[in-house]
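Undergrad: Quick one: structure below, then a few questions.
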Amino acid sequence: MTLYTLFLFIYFCYSFECSPGCIGGCEADNTCRGGCSENYFNDTSCLYCKWTDVTDDINEAFIPNGTSCMKTTNIIVKSTWLPEQKDIENITTEKIVTFTINENSNADSSFCYYRQKYRLGKWFRLDMKDIHTDALSISITKNPESSAFLSIDVTNSQRDAYTGNCLAHSSLNETRFEASMLVPVLNPIYSADSKRDENFYYIFVNVKEFKVVTVSLTIKTINGKTGVSKFNLTQEVADSLAKDLSKKMYVHFSLEQDGIICYPVCIPNIIMKVFLFEVEFDGDYSILIDTRGADRVNYVQEFEYVVNGSGYKSSKCLNIWSGKPHGVFADEEPNGVSVRIEGKANTKRYFGLMSEEQRANLNAEVRAICPKNCNSASGNGNCLPQEKKCLCENSFGGDDCHKLCYYNGNWQVNDYSSLCYFNTSHCDQFCKCEPGYTLVNNYCVSNECKNGNLGSGDECIQNSEGCLTNCMCDSSSGWKMSKKKRKCVNVLCGNGIIDDLYMKGKFLRKEDCDNGTNCNSFCQCLDGHIPDPNDPMSCINNNISGGAIAGIVIGGTVGLILILIFFIVLLIFVLRYKKVDINIYKIQQPTYYYYIRGSTNAPPSKTARYMIDPIDLDYGNDTTATAIMDTRFERMEVNNYSRNKWLMIIFHTPNNPKYVFYFEPQVLFIRPHSTPKLLTSYMTLHCTTKIRDMKIPYTIWFSKSKSTLESIASLLKDKSFETWTPEDQVQMDKLCKNVRRHCHYHITIKTDAASSTHIDMDELNMSEKPIAEGAMGKVYIGSYRSVPVAVKQFRWESLSDEEMTELKQEVIAECEIMSKLRNPFIANYMGSVTYIPQVSMIIQFFVLGSLGEYLRKDKEDYVKLPYKLKVRMLFDTARGMQFLHENRIMHLDLKPDNLLVNSLYTDSACCIKITDFGTSRFTKKNNKNSEDKGLGTPIYAAPETYHDEYTNAGDVYSYAISAWELFYQEEPYKEFKSLFEIKDYVESGKRLGFDTSIPMLLKGLIQDCWKQNIGERPSFEQICKRLVKLDEDAINHLELDNDVSDGRIEEIINNRTQRMQDQLNEISHD
């Protein structure tokens, strides 16, 4: 049995990348068919060891050990993020500490995030009270015999801090044995109520797997700006790139291992990882460094070193490039920088590639561009770094925008006898033929082409219809290569019109026919046929006798009667039966057990006795990406080349909610000596995910008995590795006695998923615990392609399947609307995850949270806000609501909790962004037991909404309650005991009270906005105009800011920024 299991495992892993924790092989890359082995985290990928929570009194952890996960009970038990002092060793500067990590070492979790949470390691503590230098140089080495992946993490958080801040992280991979990282000396991080008498750096040195490694750790103090460049772009390298502009080199920027941690001189307020490199070259070309291929946010700075009179070395910012796309098409552009560096004689220039990700490792493309500076001084063109080439003016071209020898059908030189036409095949930018090609009539011709054959890259036989001297179709006259090489076909052929065809601007012929009877694919009549005078699109036989004509008339009449009968029968059939629903191709097909015992891996060929064409599927999108939710199809032709055996093919479609691949039929039978059979493959994508080069396996079976193949298909249907029984194997063994041949291979997908707002859940890194929770659901902080996001998951546990489906469609429709809304005062919608039952909505994360967190004294971040800031917040909210109403969108739940704070500074371009518009209807449908009527939150709801009357004026009423709460920073109706009291109060026309402190203009606005008659409430356009006067009047009410503390506001901003950074560190990439 063990040998049998091993045999299956080897075969099942043949076609796909499979993790060692998989049981039963993989049905796609890192998607396990049979679940995960013991001690692995069962998430279908089986890549990581099982996680245990020591707070649940489970004193064990699982650590990777090659192809398995080993259990250890040597776990550090701690009540906070930091171990007790007995588990931490003190360390001092200028002293080498040597220690060994092995299977007996303690396991613990780091303050820096690792996907594999528990790791073997050792803790250290460095007293920082007497260290007053700029930075620390932390050097770490390991013994050369060890293949351990070693990591070192540093934090300046103190014991009573909320969590450990991942200040610095570096690593030594399996092949590196020493590293040194620079860490800035920063102030310690405490909790809000700390005594602040500690100042330590805590260091955790750890290994990725069960490995034995001897480590030496040394810490030194450093003053001034220092760092070693890890990459030097020399004159020799630059010149070699400039000699061949198609040549490019890739430089690996290993920020994780070689980056220094600092405040970059060009972005001095953010700690980043910086990879230093130098450039020193001179020339009339530029060097381009492009990191956009990684699609990660990063920056590049150019700086120079400055040394003062006392020898202190500092740096000065010269230039900076941002990796965040800007402009209208920013959402469609990849993240990353594209830096053009021009040559400077005898000058060494210093650069730094920067990222906020501690583990960032990027591959940058380096190439030479724009020789002779595109001759821009002469007005010939300009350099476009984003396009990696010159943009030339008319009549100029080539790599450097020189004057073209041939342009727009005319020669621009006097002697062109030895030149070829620019832009034709194998003719270079200087009108010279490439090596291996001969000049004939100003075309570059291969030897095979001259001899009447096809060379590599040739399209047609020389001088055939539509074919130029160089064996290429005359595309300028509309000719293209036909599906079967050797001939050209005109693009007008097949349009249902008899066209005149031209070649090289001269009339060639008129089409005989077009897409009609007896008309070939080149719009010529078949041999022995002439154009039909009665049907210009078709052709008729050249010689037709009178009897033949009579026969045609009689036959045509009979045929017409038969066609009429056919349509009558078809009409009856259509009326009796429902038409096929295209949605059937959007559901997952049954699972067939991927049985390949005794099978050979055989691609389609006559030797393998079968053929499938095509084997690579692009579903008609060979040059464009496939739109999400669009069902595409491609037909495939299957041949049975065996002499006397039936063929059965089974497509083992992946069962993955991200996409659906549907084969019609999924199981196909072909008799021997039969004509090729057609099948159709349908593809529907549910999110933007990686599908290119994905493989869909199939199995081929040959037998003289069709019933044997049918029995095999029936046996495999709805079976998997887990459900396959010994009895099934016995039955299969009997059936396989009649199987003469059994092989397997795969279909390869050759298209990409289009960019969309339908997000792949696997690209989201989310916090384990929610940062907020309410009636709608839970909110998590996350990271999507290096951008902080808020992930909202709806609370739908109590819904039936039908209700969940209905509500899911409504959320998807709402997400589609949100994706089209772009306004400075509306929270940026990033996308949604809708292909799984737990629908999530992803928006931009705001570090300052919602306005409601600052208004009530029982809140942690309560703060007295300046009156002018309050007016500005009301103005931003009104402008955002005006935009929504202009787009026929009601918010339905406008309140401070749904107003996100973008800034707490009055002079900011935007202080408030609106979120959660329309989502209250989802909450209402889920809240089955609620007795209150209407959508939204009751204390902000307009009186008419209790009778299910919803208009834009209802949002204006909610705005008034929010404005009252913002001014007084108190809970509305706090003296009321129930929602029913509030309902009766507002329905009777009563409202919240005012005191004498509120400015009259604001009081009047609020009173108008909550009037009982909805027709008397102002629109948000009118509210915005009134708020302009309120803003001008704010200078007359400085007494309202007597208790405002700017220091408290700054403290809140700093604390929340640090809190967000801590949360992001926990979810950052391993």
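Residue numbers (mature numbering (1 follows the signal peptide of the UniProt record, and there is no 0)): -15 to -1, 1 to 1055.
C-beta: ideal position from N, C-alpha, C; glycine also.
Bear in mind the structure is a predicted one, so any value in this text is a computation, not a measurement.
Starting from the Cα of residue 403, find the closest Cα among 627, 825, 418 and 392 and give me that residue.
TA: Checking every option, the nearest Cα to that of residue 403 belongs to 418.
Undergrad: Quick check on the burial criterion: 16 or more other C-beta atoms within 10 angstroms. Buried or exposed for residue 1084?
TA: Because the chain here runs from -15 to 1055, residue 1084 falls outside it and cannot be looked at.
Undergrad: Taking the runs of the beta strand (DSSP E) that are 3 residues or longer, which of them lie wholly in the region 256 to 332?
TA: The region 256 to 332 contains these whole beta strand (DSSP E) runs: 257 to 264, 271 to 275, 284 to 292, 298 to 307 and 323 to 327.
Undergrad: How should residue 1051 be labelled, buried or exposed, when 16 other C-beta atoms within 10 angstroms of its C-beta is the threshold for buried?
TA: Residue 1051 should be labelled buried.
Undergrad: Would you report the Cα separation of residue 472 and residue 751, rounded to the nearest angstrom?
TA: If I take the Cα positions, the gap works out to 57 Å.
Undergrad: Below 6 Å CB to CB, which residues in the same chain sit around residue 304 once its five sequence neighbours on both sides are set aside?
TA: Hits under 6 Å: 287.
Undergrad: Would you call the region 815 to 824 in contact with the region 883 to 903, where contact means no fewer than 3 C-beta pairs closer than 8 Å?
TA: No, the region 815 to 824 does not touch the region 883 to 903.
Undergrad: In chain order, what residues of the same chain have a beta carbon less than 8 Å from the beta carbon of residue 943, not counting five sequence neighbours either side?
TA: Cβ within range, chain order: 876, 878, 879, 880, 921, 925, 926 and 927.
Undergrad: Which of the three DSSP states is assigned to residue 93 in this structure?
TA: The answer is strand: DSSP assigns residue 93 an E or B state.
Undergrad: Extract the residue ranges of the beta strand (DSSP E) inside the region 602 to 670, only unbroken runs of 3 or more that lie entirely within it.
TA: Qualifying beta strand (DSSP E) stretches, in chain order: 616 to 625, 631 to 636, 644 to 649, 652 to 655 and 662 to 670.
Undergrad: In whole angstroms, what separates the C-alpha of residue 444 from that of residue 458?
TA: The straight-line gap from Cα to Cα measures roughly 7 Å.
Undergrad: Measuring alpha carbon to alpha carbon, tell me which of 405, 980 and 863 ends up nearest residue 424.
TA: Residue 405 is the option with its Cα nearest to residue 424.
Undergrad: Assign residue 794 to one of two classes, buried (16 or more other C-beta atoms within 10 Å of its C-beta) or exposed (fewer than that).
TA: So residue 794 counts as exposed.
Undergrad: Let me check understanding here. Comparing Cα to Cα, which of 381, 86 and 1029 lies closest to residue 415?
TA: Checked all of 381, 86 and 1029; the closest Cα to residue 415 is 381.
Undergrad: Any idea what DSSP makes of residue 47, helix, strand or coil?
TA: In this structure, residue 47 counts as strand in the three-state DSSP scheme.
Undergrad: Quick check: what's the CA-CA separation for residue 209 versus residue 358?
TA: Distance between the alpha carbons of residue 209 and residue 358 is about 38 Å.
Undergrad: Can you name, in chain order, every residue of its own chain whose Cβ lies under 6 Å from the Cβ of residue 237, other than the five neighbours on each side?
TA: Counting only Cβ-Cβ distances below 6 Å, and skipping sequence neighbours, we find 348.
Undergrad: Between which two residues does the beta strand (DSSP E) holding residue 951 run?
TA: Where residue 951 is concerned, there is no enclosing beta strand (DSSP E), although the alpha helix (DSSP H) it sits in stretches over 937 to 953.
Undergrad: So for residue 1049, helix, strand or coil by DSSP?
TA: Looking at residue 1049 - three-state DSSP - the assignment turns out to be helix.
Undergrad: Just the C-alpha distance for residue 990 and residue 119, rounded to the nearest angstrom, thanks.
TA: So the two alpha carbons sit approximately 55 Å from each other.
Undergrad: Give the single residue among 66, 251, 227 and 448 whose Cα lies nearest to the Cα of residue 148.
TA: The option with the nearest alpha carbon to residue 148 is 66.
Undergrad: From residue 1039 to residue 224, what distance separates their C-alpha atoms?
TA: Taking the straight line from one Cα to the other gives about 48 Å.
Undergrad: How far does the alpha helix (DSSP H) with residue 862 in it extend, from its first residue to its last?
TA: 852 to 871 is the extent of the alpha helix (DSSP H) around residue 862.
Undergrad: Taking the alpha-carbon of residue 521 as reference, which of 541, 482 and 544 has the nearest alpha-carbon?
TA: Selected option, being the one with the closest Cα: 482.
Undergrad: List the endpoints of the continuous beta strand (DSSP E) containing residue 216.
TA: Here the beta strand (DSSP E) through residue 216 covers 216 to 218.
Undergrad: Just to confirm the assignment: which complete alpha helix (DSSP H) runs, minimum length 4, are found wholly within the region 152 to 239?
TA: 220 to 228, all fully within the region 152 to 239.
Undergrad: Helix, strand or coil for residue 485? Go by DSSP, reduced to three states.
TA: Residue state, collapsed to three classes: strand.
Undergrad: Closer than 7 Å by C-beta to residue 526: which residues in its own chain qualify, once you throw out the five before and the five after it? Chain order, please.
TA: Answer for residue 526: 513 and 514, listed in chain order.
Undergrad: Does the region 736 to 745 come into contact with the region 624 to 642, if we say contact requires no fewer than three beta-carbon pairs (one atom in each stretch) closer than 8 Å?
TA: Verdict: no, contact absent.
Undergrad: Is the beta carbon of residue 339 less than 8 Å from the beta carbon of residue 213?
TA: No, they are not a contact pair.
Undergrad: Below 8 Å, can you find three or more Cβ-Cβ pairs linking the region 119 to 136 to the region 153 to 173?
TA: Yes, the region 119 to 136 is in contact with the region 153 to 173.
Undergrad: CA-CA distance, residue 442 and residue 420?
TA: One C-alpha to the other measures close to 14 Å.
Undergrad: To the nearest angstrom, how far is it from the Cα of residue 1036 to the Cα of residue 256?
TA: Each residue's alpha carbon lies about 19 Å from the other.
Undergrad: Determine the burial state of residue 234: buried for a count of at least 16 other Cβ atoms within 10 Å of its Cβ, exposed for fewer.
TA: That one is exposed.
Undergrad: Does the contact criterion of 3 or more C-beta pairs under 8 Å hold for the region 661 to 669 versus the region 606 to 625?
TA: Yes: at least three Cβ pairs fall under 8 Å.
Undergrad: Using only the alpha-carbon positions, how far apart do residue 1056 and residue 268 sit?
TA: Residue numbering for the chain in the displayed model covers -15 to 1055; residue 1056 lies beyond these limits and cannot be assessed.
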